[in-house]
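Enquirer:
Number of protein chains: 2
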Amino acid sequence: MSKKKLIIIGGGFAGLNLAKFADKNIWDITIVDRNNYHAFPPLFYQVASAGLEPASISFPLRRELNARPYRHARYRMGNVESIDVAAHTITTQFETIPYDTLVIAAGTTNNYFGIPDLEKRVFSLKSVPEAIRCRNEILDRLERAVLCKDPAKRKSLLTFVVVGGGPAGVEIAGAIGEMKRFVIKKEYPGIDPDEVKVIIVEGNDALLKAMGKKAGHDAIDGLRQLCVDVWLGKTMESYADRIATFTDGTTVTTDTLIWTAGVTGQPLIFKGADIKPGHGNRLVVDRFNRLIGADDIYAIGDIAIMTDEKYPHGHPQVAQAALQQGKNLALNLSRTQDAMTPFSYRDKGTMATIGRNKAVVDTGRLHLSGRFAWFVWLFVHLMSILGMRNRAVVLINWIWNYFTFSSGLRLIMRPKRYPVRAYWSE
Amino acid sequence: MSKKKLIIIGGGFAGLNLAKFADKNIWDITIVDRNNYHAFPPLFYQVASAGLEPASISFPLRRELNARPYRHARYRMGNVESIDVAAHTITTQFETIPYDTLVIAAGTTNNYFGIPDLEKRVFSLKSVPEAIRCRNEILDRLERAVLCKDPAKRKSLLTFVVVGGGPAGVEIAGAIGEMKRFVIKKEYPGIDPDEVKVIIVEGNDALLKAMGKKAGHDAIDGLRQLCVDVWLGKTMESYADRIATFTDGTTVTTDTLIWTAGVTGQPLIFKGADIKPGHGNRLVVDRFNRLIGADDIYAIGDIAIMTDEKYPHGHPQVAQAALQQGKNLALNLSRTQDAMTPFSYRDKGTMATIGRNKAVVDTGRLHLSGRFAWFVWLFVHLMSILGMRNRAVVLINWIWNYFTFSSGLRLIMRPKRYPVRAYWSE
């Protein structure tokens, strides 16, 4: 019997775990991803703050799929633009591929909530290139401030505003706060550290809302020790001419606004079926991750929204949920319909770090903060990184930076202007 | 007595060594460079072939200048656009800076010999971003070939042409040849290694012309073992519609042409003096590296051309000459005119590598090739890299790749399209 074609859109946590646990005797597996690598989003902020090389948290999919548990899974480059539900095909910018079963694990991208032109004006952290760009632009502001004598321009260049008080926002604000406290004086003699202003703004009344009150308080304490201003209960309305305006009338002038305020499911066009996305443009699935309104299509990870008694608004969009859904679906795919196990999320806890020696870890039962939590954070993240070489390089970088504060990665490495002929075009 | 202002344009081998040895009691030193890092060109080809992270061979200037031998030297970001010889100022895109003494160490860039639009169509290796781009595009061709069914297009995607038979050309051709021999079969099941064609083309009748006959022969042997075609005595005339045409009428169709065929001095505009550049747009200097036709201006490194009895056409444009000129000028700058020592180049030898276990080393007296030469090459390059952290990371990468052929760096990491507002603009 020939194998059935399983196409997985997206080689993130969900898609890769599905490929790992799927039965290779039944399924002929292909991962389609616009990038040729699996990335590790929890550490994007360290790329943005010049603490890690991009390559340390990016893993070529072809190399991964060569490893034993994935054996025979294939990779094809492509950005999936549409799915023909009736014809059972997907179409990328390069080709149309037929499937027997399709799993959508395409993840999320930034949500700009319809604020005009915001995408062009802010920096973000939802992909490796976005993080590299964030690093380049933060360092560029410091260089340009050194050269700038106009006090107003200089102030705007040295004001860094992070919008969004979730883990990504807290972590990048903390990392910039550390630069202010420990790096500026040493490496930028033309700047007084007090000139650098770091502000984190959150619409809710607490940081790390998803992690509970204690974690939120610890985060505020930690950030304040790094001289980061914490603004709560302010929602951004507009950002134009370098001025960010908030709903309560507050304004701040900044050349650098880092946007971590929300995510939305990657946009996909469905043909031959009427698929209505749910909250946050997520794809509505049943307890078996089956896409409502289509046959032979599943959605897993951040892009999927599944509701149950415990999670009436869907599961949190975190790595754990994605990994667990990938594995559960992989096992279900080799079962008959009746024998399928509904997905049930096991929350192993969440964590966030706020600079050196400071982190918060929350497992529901247990709340840790401070230096021990930070070691837990380091250990868990190091072990989650794919590949021994990457772990070794990350560990060297962390130890080096811990003792010296002297990152060798503060590089402004912008692309040479690409000629028109180049990329994606044929 | 207040110190005199010494401005150095360029933080490469020449400029950085000058800053290191200049007398800090006399000179107030500022390095102006468009990039905030010092780079290590001999290993650019390893970035292009996904063997090393860009950050491993790029060293933030602010961190370097913090180190003891440079103490108090400053860095300012800027691309020097013009030099006002009469007013004693330089102008970047950001500012105008006065100098008492100016040292031009701006290096070279690619020479396209006036071939129309060549710059937009080829890939090059003269800077870190160019090398990153080369990596992205080589990997992109392989991905697109996997998806391509049209035989002619597929052939063009899988043909890699390197123009220029100097060390950079030989090294990148060898690295792509290694991918063909060792990587394609393992990681690209959709491609037959025999489909991949690697060609190196040189206008002269030998490779590595500067290193002597024996080295040239060894390079050809080594490249042929890696299934690289070596074409000698062919000069490229044009490259359009994917077709490269050579003076003898030969043509080859390729999507990827890597240009290492020539360099030219970085363009600079001189005001208030008539400075005539010499061969290869290099700045003509006397035996003390004084720029002919200007006061208080010196030029060192690849951009300078100095002739003496032994080098009637100028010194080779290599790291050693740049380092030696930087040091010699640094010492001369604290001497009176009469006590200055004319520069004399001490050739310590040259080397190039052609894949694993193969290199050629030529010290004039001694010619080495094969595995021992390769170890010499590895050792010399590793020791020349700035910083312990970088050496450790490079060593890990080399050892890892040597045993596994499984580079974790084969990443296509293209920039997110930058918005119009961003960079360099104010």
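If you read the sequences in order, they're chains L and V. Take the first sequence: its position 382, counted from the start at 1, is 382 in the numbering used here, and no numbers get skipped. Take the second sequence: its position 289, counted from the start at 1, is 1289 in the numbering used here, and no numbers get skipped. Where is the CB? At the ideal position from N, CA and C, for every residue including glycine. Computed from a predicted structure; not experimentally measured.
Is the stretch 210-229 of chain L touching the stretch 161-174 of chain L in the sense that three or more CB pairs, one from each, lie closer than 8 Å?
Expert: Counting Cβ pairs under 8 Å, three or more are found: they touch.
Enquirer: Output yes if chain V places a C-beta closer than 8 Å to the C-beta of L/Met-413; else output no.
Expert: Position 413 of the first sequence, counted from the first residue, corresponds to residue 413 of chain L. For L/Met-413, at least one C-beta of chain V is nearer than 8 Å to its own C-beta.
Enquirer: Should V/Tyr-1099 be flagged as near chain L, meaning a C-beta pair shorter than 8 Å?
Expert: Numbered from 1 along the second sequence, position 99 holds the residue referred to as residue 1099 of chain V. Look at V/Tyr-1099: its C-beta is not under 8 Å from any C-beta on chain L.
Enquirer: Hey, how far is the Cα of V/Ile-1090 from the Cα of V/Met-1306?
Expert: In the second sequence, counting from the first residue as 1, residue 1090 of chain V sits at position 90. In the second sequence, counting from the first residue as 1, residue 1306 of chain V sits at position 306. Looking at the two C-alpha atoms, the distance is approximately 23 Å.
Enquirer: State the start and end residues of the unbroken beta strand (DSSP E) segment that holds L/Ile-115.
Expert: Position 115 of the first sequence, counting from 1, holds the residue named residue 115 of chain L. It is not in any beta strand (DSSP E) - L/Ile-115 carries neither H nor E in the DSSP assignment.
Enquirer: Which runs of the beta strand (DSSP E) spanning at least 3 residues fall entirely within the stretch 119-202 of chain L, listed in chain order?
Expert: Unbroken beta strand (DSSP E) stretches of 3 residues or longer found wholly inside the stretch 119-202 of chain L: 159-163, 197-202, given in chain order.
Enquirer: In angstroms, rounded to a whole number, what distance separates the CA positions of V/Ala-1373 and V/Gly-1355?
Expert: As a working note, residue 1373 of chain V is residue 373 in the second sequence. As a working note, residue 1355 of chain V is residue 355 in the second sequence. If you take the alpha carbons of V/Ala-1373 and V/Gly-1355, they lie about 12 Å apart.
Enquirer: Among L/Ser-156, L/Ala-330, L/Asn-110, L/Ala-339, which one has its Cα closest to the Cα of L/Asp-241?
Expert: In the first sequence, residue 241 of chain L corresponds to position 241, counting from 1. With distances taken between Cα atoms, L/Asp-241 lies closest to L/Ser-156.
Enquirer: Quick one: does L/Glu-178 have its CB under 8 Å from some CB of chain V?
Expert: The count along the first sequence starts at 1 and reaches residue 178 of chain L at position 178. Answer no: the Cβ-Cβ gap between L/Glu-178 and chain V never drops below 8 Å.
Enquirer: Around the C-beta of L/His-72, are 16 or more other C-beta atoms found within 10 angstroms, so that it is buried, or is it exposed?
Expert: Taking the first sequence and counting its residues from 1, the one referred to as residue 72 of chain L is at position 72. Burial check for L/His-72: the Cβ neighbour count within 10 Å stays below 16, so the residue is exposed.
Enquirer: If you measure from the beta carbon of V/Ile-1396 to each beta carbon in chain L, is any gap under 8 Å?
Expert: Counted from its first residue, the second sequence places residue 1396 of chain V at position 396. True, the Cβ-Cβ gap to chain L drops below 8 Å.
Enquirer: Count the other C-beta atoms from every protein chain shown that fall within 10 angstroms of the C-beta of L/His-313, then say buried if there are 16 or more, exposed otherwise.
Expert: For the purposes of this step, residue 313 of chain L is taken as residue 313 along the first sequence, with counting starting at 1. Of the residues assessed, L/His-313 falls on the exposed side of the cut-off, its CB having fewer than 16 other CB atoms within 10 angstroms.
Enquirer: What do you reckon, are the CB atoms on L/Ile-8 and L/Ile-26 nearer than 8 Å?
Expert: The residue labelled residue 8 of chain L in the question sits at position 8 within the first sequence. The residue labelled residue 26 of chain L in the question sits at position 26 within the first sequence. A distance of 8 Å or more separates the beta carbons of L/Ile-8 and L/Ile-26.
Enquirer: With distances taken Cα to Cα, identify the nearest neighbour of V/Lys-1197 among V/Glu-1171, V/His-1217, V/Asp-1255.
Expert: Taking the first residue of the second sequence as position 1, residue 1197 of chain V is located at position 197. Nearest C-alpha to V/Lys-1197: V/Asp-1255.
Enquirer: If you reduce the DSSP assignment to three classes, tell me which class L/Ala-438 lands in.
Expert: Here chain L has residues from 1 to 426 only, and residue 438 of chain L is not among them.
Enquirer: Return the chain-ordered list of same chain residues with a C-beta closer than 6 Å to the C-beta of L/Ile-297, the five sequence neighbours on each side being excluded.
Expert: Translated into positions along the first sequence, residue 297 of chain L becomes position 297. Answer for L/Ile-297: Leu-102, Leu-291, listed in chain order.
Enquirer: Considering only the alpha carbon of each residue, which of L/Ser-238, L/Arg-141, L/Gln-325 lies closest to L/Ala-19?
Expert: Start at 1 with the first residue of the first sequence, and residue 19 of chain L comes out as number 19. That would be L/Gln-325, whose Cα lies nearest to the Cα of L/Ala-19.
Enquirer: Please state whether DSSP places V/Val-1318 in a helix, a strand or coil.
Expert: For the purposes of this step, residue 1318 of chain V is taken as residue 318 along the second sequence, with counting starting at 1. In this structure, V/Val-1318 counts as coil in the three-state DSSP scheme.
Enquirer: Can you name, in chain order, every residue of its own chain whose Cβ lies under 8 Å from the Cβ of V/Arg-1141, other than the five neighbours on each side?
Expert: Here the question's residue 1141 of chain V lines up with position 141 in the second sequence. Non-local C-beta neighbours of V/Arg-1141 in its own chain, meaning closer than 8 Å and more than five positions away in sequence, comprise Leu-1157, Leu-1158, Phe-1160, Asp-1255, Thr-1256, ordered along the chain.
Enquirer: Rounded to whole angstroms, how far is the Cβ of L/Gly-203 from the Cβ of L/Lys-153, which I believe are closer than 8 Å?
Expert: Position 203 of the first sequence, counting from 1, holds the residue named residue 203 of chain L. Position 153 of the first sequence, counting from 1, holds the residue named residue 153 of chain L. At roughly 29 Å, the Cβ-Cβ gap does not stay under 8 Å, so L/Gly-203 and L/Lys-153 are not in contact.
Enquirer: Using a Cβ cut-off of 8 Å, which residues of the stretch 1032-1048 of chain V contact any Cβ in chain L, in chain order?
Expert: Asn-1035, Asn-1036, Tyr-1037
Enquirer: Skipping 5 residues on each side, what residues in its chain have a beta carbon closer than 6 Å to that of L/Leu-139?
Expert: Numbered from 1 along the first sequence, position 139 holds the residue referred to as residue 139 of chain L. Excluding residues within five positions, the ones whose Cβ falls inside 6 Å are Arg-410, Ile-412.
Enquirer: Per DSSP, what kind of secondary structure is V/Glu-1237 in: helix, strand or coil?
Expert: For this step, residue 1237 of chain V is matched to residue 237 along the second sequence. In the structure shown, V/Glu-1237 sits in a strand (DSSP, three-state: E or B).
Enquirer: For the stretch 374-394 of chain L, enumerate the residues whose C-beta is nearer than 7 Å to any C-beta of chain V, in chain order.
Expert: Gly-387, Arg-389, Asn-390, Ala-392, Val-393
Enquirer: With a CB to CB cut of under 6 Å and the five nearest residues on each side skipped, what residues in its chain are close to L/Pro-419?
Expert: Taking the first sequence and counting its residues from 1, the one referred to as residue 419 of chain L is at position 419. At L/Pro-419 the pLDDT is 36, less than 50, meaning the model places this residue with poor confidence; the figure from the coordinates comes in the next sentence. Within the same chain, L/Pro-419 has no close Cβ partners at all.
Enquirer: State buried or exposed for L/Met-351, treating a residue as buried only when at least 16 other CB atoms are found within 10 Å of its CB.
Expert: Residue numbering aside, residue 351 of chain L sits at position 351 when the first sequence is read from its first letter. Around the C-beta of L/Met-351, 16 or more other C-beta atoms lie within 10 Å, and the residue is accordingly described as buried.
Enquirer: Report the neighbours of L/Glu-143 on chain V: residues whose CB is nearer than 7 Å to its CB, in chain order.
Expert: Here residue 143 of chain L corresponds to residue number 143 of the first sequence, with the count starting at 1. The answer, in chain order, is Asn-1036, Met-1077.
Enquirer: Is DSSP giving V/His-1038 helix, strand or coil here?
Expert: Locating residue 1038 of chain V in the second sequence gives position 38, counting from the first residue. Of the three classes helix, strand and coil, the one that applies to V/His-1038 here is strand, per DSSP.
Enquirer: What's the gap between the Cα of L/Leu-395 and the Cα of L/Val-122?
Expert: In the first sequence, residue 395 of chain L corresponds to position 395, counting from 1. In the first sequence, residue 122 of chain L corresponds to position 122, counting from 1. Distance between the alpha carbons of L/Leu-395 and L/Val-122: 31 Å.
Enquirer: For the stretch 1209-1294 of chain V, which segments carrying the alpha helix (DSSP H) assignment without a break, of at least 4 residues, lie completely within its bounds, in sequence order?
Expert: Note on the stretch 1209-1294 of chain V: whole alpha helix (DSSP H) runs with a minimum of 4 residues are 1213-1225, in chain order.
Enquirer: What does DSSP give as the partner residues of L/Leu-102 in its beta bridges?
Expert: Taking the first residue of the first sequence as position 1, residue 102 of chain L is located at position 102. L/Ile-7, L/Ile-297.
Enquirer: Tell me which residues share the same chain as L/Ala-110 and place their Cβ nearer than 6 Å to its Cβ, disregarding the 5 neighbours each side in the sequence.
Expert: Position 110 of the first sequence, counting from 1, holds the residue named residue 110 of chain L. Checking the sequence shown, residue 110 of chain L turns out to be Asn, not Ala. The answer, listed in chain order, is Ser-124, Lys-126.
Enquirer: Rounded to whole angstroms, what's the CA-CA distance from V/Asn-1401 to L/Val-228? Just pull it up for me.
Expert: Looking up residue 1401 of chain V in the second sequence gives position 401. Looking up residue 228 of chain L in the first sequence gives position 228. Spanning the two alpha carbons is a distance of roughly 42 Å.
Enquirer: Once you ignore the five residues that flank L/Lys-3 on each side, which residues in its own chain have a CB closer than 8 Å to its CB?
Expert: On the first sequence, residue 3 of chain L is found 3 positions in, with the first residue counted as 1. Counting only Cβ-Cβ distances below 8 Å, and skipping sequence neighbours, we find Asn-25, Ile-26, Trp-27, Asp-28.
Enquirer: Given this structure, state the Cα-to-Cα distance separating V/Leu-1365 from V/Gln-1320, to the nearest angstrom.
Expert: Within the second sequence, numbered from 1, the residue matching residue 1365 of chain V stands at position 365. Within the second sequence, numbered from 1, the residue matching residue 1320 of chain V stands at position 320. Looking at the sequence provided, one finds Arg at residue 1365 of chain V rather than Leu. Going by the C-alpha atoms only, they are around 17 Å apart.
Enquirer: Indicate whether at least one CB of chain V lies closer than 8 Å to the CB of L/Lys-186.
Expert: In the first sequence, the residue the question calls residue 186 of chain L occupies position 186. Chain V, which has a Cβ nearer than 8 Å to the Cβ of L/Lys-186, makes this yes.
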